[in-house]
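Peer 1: Residue numbers (this note's numbering), protein chains in the order written: chain A, 128 to 652; chain B, 2 to 116.
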Amino acid sequence: MSKLPGNDPVAAEIQAEIADHLATATEKLQSQGIASNEAREKSEAKFGDAATIGRRCYWIKQGDFLMFHTATIVLLTLLCCALGVMAFNGHRSQRQMAEQMTALAEQLKALAERPIVQSQPSEHPPQEITGQAYVGSPTLPVKNKEVMIVNATDGSIVRRVLTDDDGKYRSGPLGAGDYCLVSSVATQSPLTPYFPYIQTAPIYVYPGLPAPGHDFDVAEQAGRLAIELSRELPSLRVDDKYTIESRLLIEVATAQKRSRFWTSSMPMPPAWPLRLSSVTASDRGPSFSPRFLELLAQEDLKNQHEATHFGDQFGLLPTGEATVVAAVIADVIPLGYQPPQLAIVEATFGSRTDSTSIKRQVFKDRAWQSAQAMVSGGDRPIAPSNNPPTLENDRFFWMTKGLGQLWLKRLSPDETEPAPPPQPFTLLQSTLSVNARSDWTFTVPIISGSITRLRVEVPADIEAKIKELIATTTEAQEFWKYTLGDNSPPPIEMQQELNQGSHPFFRKVKITVLGTEPLDQGPAK
Amino acid sequence: MKPSPDLIRGALEPVILEVIAGGATYGYEIAKAIEQTSGGQLLAQEGTLYPALHRLEKRGLLEAEWAASPEGRQRKHYKLTALGRKERLALRKEWTEFTRAVNLILGIQHVQVAW
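#1: Assuming A/Phe569 is part of the beta strand (DSSP E), what are its boundary residues?
#2: Please report the distance separating the alpha-carbon of A/Leu318 from that of A/Glu154.
#3: May I ask you to report which of helix, strand or coil DSSP gives A/Thr446?
#4: When you compare the region 350-368 of chain A with the region 444-462 of chain A, are there three or more beta-carbon pairs, one atom per stretch, that lie closer than 8 Å?
#5: Starting from A/Asn278, trace the alpha helix (DSSP H) both ways and give me its first and last residue.
#6: Out of A/Val640, A/Arg182 and A/Ala313, state which residue places its alpha-carbon closest to the alpha-carbon of A/Arg582.
#7: Under a CB-based cut-off of 7 Å, is A/Arg387 close to chain B?
#8: My understanding is that A/Leu444 touches A/Arg351, with C-beta atoms under 8 Å, so please give their C-beta distance in whole angstroms.
#9: Is there a Cβ of chain A sitting closer than 7 Å to that of B/Arg89, yes or no?
#10: Let me check one thing: in DSSP terms, what residues is A/His333 bridge-paired to?
#11: Using a 10 Å radius around the Cβ and a threshold of 16 neighbouring Cβ atoms, would you call A/Ser310 buried or exposed?
#12: Are A/Gln383 and A/Leu401 close, meaning C-beta to C-beta below 7 Å?
#13: Are the Cβ atoms of A/Val452 and A/Trp567 separated by less than 7 Å?
#14: Just verifying my parser: in three-state terms, what is the DSSP assignment at A/Ala139?
#15: Contact between the region 287-297 of chain A and the region 312-331 of chain A: three or more CB pairs below 8 Å?
#16: List the residues that DSSP assigns as beta-bridge partners of A/Glu584.
#17: Give me whichever residues DSSP pairs with B/Leu90 in a beta bridge.
#18: Please classify A/Ser163: does DSSP put it in a helix, a strand, or coil?
#19: Within the 7 Å Cβ cut-off, does B/Gly11 reach chain A?
#20: Checking 7 Å against the spacing of the C-beta atoms, do A/Leu535 and A/Trp607 come in under that value?
#21: Near A/Leu267, which residues of its chain fall below 7 Å by C-beta distance, leaving aside the five closest residues on each side in sequence?
#22: Would you verify that the beta carbon of B/Lys77 is, or is not, closer than 7 Å to some beta carbon of chain A?
#23: Which bits of chain A does B/Thr49 rub up against, with CB to CB less than 8 Å?
#24: Counting only runs of 3+ residues fully inside the region 356-391 of chain A, write out the beta strand (DSSP E) ranges in chain order.
#25: Is A/Thr381 buried or exposed, if buried means 16 or more other CB atoms sit within 10 Å of its CB?
#26: Under 8 Å by Cβ, that's how I've got A/Gly447 and A/Pro397 pegged, so tell me the actual separation to the nearest angstrom.
#27: Please report the distance separating the alpha-carbon of A/Pro551 from that of A/Leu611.
#28: If you draw a straight line from the alpha carbon of A/Pro339 to that of A/Gly258, how long is it in whole angstroms?
#29: What first and last residue would you give for the alpha helix (DSSP H) that runs through A/Ser539?
#30: Cβ of A/Arg167 less than 7 Å from any chain B Cβ?
#31: For the putative contact between A/Lys635 and A/Ala454, defined by C-beta atoms under 8 Å, what is the C-beta separation to the nearest angstrom?
#32: Let me check one thing: in DSSP terms, what residues is A/Val285 bridge-paired to?
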């Protein structure tokens, strides 16, 4: 479409029409569960070459005028040449010929320099976006609310306007282009301080089109997830030798949360509006799409409003949709095993050593220190701030001990030696292979003021597979092939097992949406 | 087997007039209606619809107006003009007679379809 003439209302109309087609097709595919990137690609492929089609449409609309313009120039040029020939033949004096040539050359120059305009010139006054800001319902307008008009192409704030007593706003005159509205959330929830702004879907402003309007709900709109298991997480004592224990590792990703403005160079999000942590222009690196991990024991699931936090320490996710991926991680714990005691020291991060230096508790062992940083690092800690990972913390233990490593140590000849801490096995997103194309990634709706209840299918044969492995694999060298967490890349066979959800210690699980129910106790704790 | 581009070119404009008369109003909706009723035979690529729409608009058979979609985007809606309604009926008759003649030559039994 870039070859269509700029600042031309006819070209703008054609572009807007094609853009609407592609956006509608993309949304329809997304509603069928196709990821936004893939949906956009499919829509564009199904549409064909938009630039060529746009040019064909433009030629159909403007071709007659363009042909007339071209033909006029050609005719004048031919006439000029004919006069030149006649002059050579002596039919006119040199003086007459010079005068004719000069006059024609001036005419030709004036015509060539004249800009191409429509045969029926249209005078379109600048457009503006108008509408109302309200909280939940148009009957509850918000006055004196700041509305930012943001250029959707480059993320620049074009103008800031305030709503009047009726919540009405006017953007003021705008040049042709795509715009989004951004405003702060008018009602408070625990989510609001972290993502205080709302960004609307793009609004298309082009001369000649009807005046665009957008009524803007600035209420907090968030929901949360709850989890049900098909059966309890495995916990089994076997022959006074070991216990099988397990946890549910679950990750939620939402494209609704953004660190900065969405712009048209980014993939379309699955739903609007977006939530922003700041009103930042788009020149500061990629916008993140937050992902959040939870590691839950059976006890956590019994009381999960306090234990699941997806998104922040309060468990609220913005309205729209989220992707969820989960695995049951199981392990063999030898009877009598005691986690090693590790010394805790004060350490200083950064180069400054004065009183403003950041001091944190870290572990002497660098591996464990790194593990803690990974567990608690990233956008948010996996555990809420009032329950940070510590040596005694169940989450930290499960995130760092590896899977199968403790039993491997039991099988090893040097078992009597003091056991060093295992290399940290941090269950990160790469372990879960979270991406939009994974068979184990499920899209779930997040509905304002509601809980979306999910069912996690815990495989029935987890205990049996581990018991069989322990019974048949008694050599450390052989058992090592089944362990995770010594920082060596898993062999291809194990990668296949991990991806297929069939690894004895790491079982990816299927998730279904059971339904939604009102979030009747107000915002989650 | 998909029909050749030449056959499609001749059939597309009458089909568009029919689909719009049937209630479809904007590009995506018109494309989907054609795809569903023709089993995907007529529009290999949805974009090819737009030059035909613009030709019909230029010939005065369609008129268009812009309105906001439920998603807040501006959307171009088409409807038949009086000339378009007349042309649609003429094209139906012309197409029926044309296909009857071709079918006779090809030895295909003609089936009268009630319009």
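By construction, the Cβ of each residue, glycine as well, lies at the ideal position given by its N, Cα and C atoms.
Bear in mind that the values here come from a model prediction, so they are computed numbers and not experimental data.
Peer 2: In short:
#1: Phe569 to Ile573
#2: Between A/Leu318 and A/Glu154, the C-alpha separation is close to 27 Å.
#3: coil
#4: yes
#5: Where A/Asn278 is concerned, there is no enclosing alpha helix (DSSP H), although the beta strand (DSSP E) it sits in stretches over Glu273 to Asn278.
#6: For the residues A/Val640, A/Arg182 and A/Ala313, the minimum Cα distance to A/Arg582 belongs to A/Val640.
#7: no
#8: So it is a contact: roughly 6 Å between Cβ atoms.
#9: no
#10: The question names His, but residue 333 of chain A in the sequence shown is Tyr. Bridge partners of A/Tyr333: none, in fact.
#11: Burial check for A/Ser310: the Cβ neighbour count within 10 Å reaches 16 or more, so the residue is buried.
#12: Closer than 7 Å, so yes.
#13: yes
#14: helix
#15: no
#16: DSSP output for A/Glu584 lists A/Lys637 as bridge partner(s).
#17: BP columns for B/Leu90 are empty, so no partner.
#18: helix
#19: By this cut-off, B/Gly11 is not an interface position.
#20: yes
#21: Tyr261
#22: B/Lys77 belongs to the set of residues whose beta carbon lies under 7 Å from a beta carbon in chain A.
#23: Gly175 and Ile180
#24: 363-365 and 369-381
#25: buried
#26: 6 Å
#27: Since pLDDT at A/Pro551 reaches only 48, below the 50 mark, its modelled position is unreliable, and the value read off the structure follows with that caveat. In a straight line, the C-alpha of A/Pro551 is about 10 Å away from that of A/Leu611.
#28: Their Cα atoms are separated by approximately 9 Å.
#29: Taken as a continuous stretch (DSSP letters only), A/Ser539 belongs to no alpha helix (DSSP H), as it is neither H nor E.
#30: no
#31: 5 Å
#32: DSSP output for A/Val285 lists no bridge partner at all.
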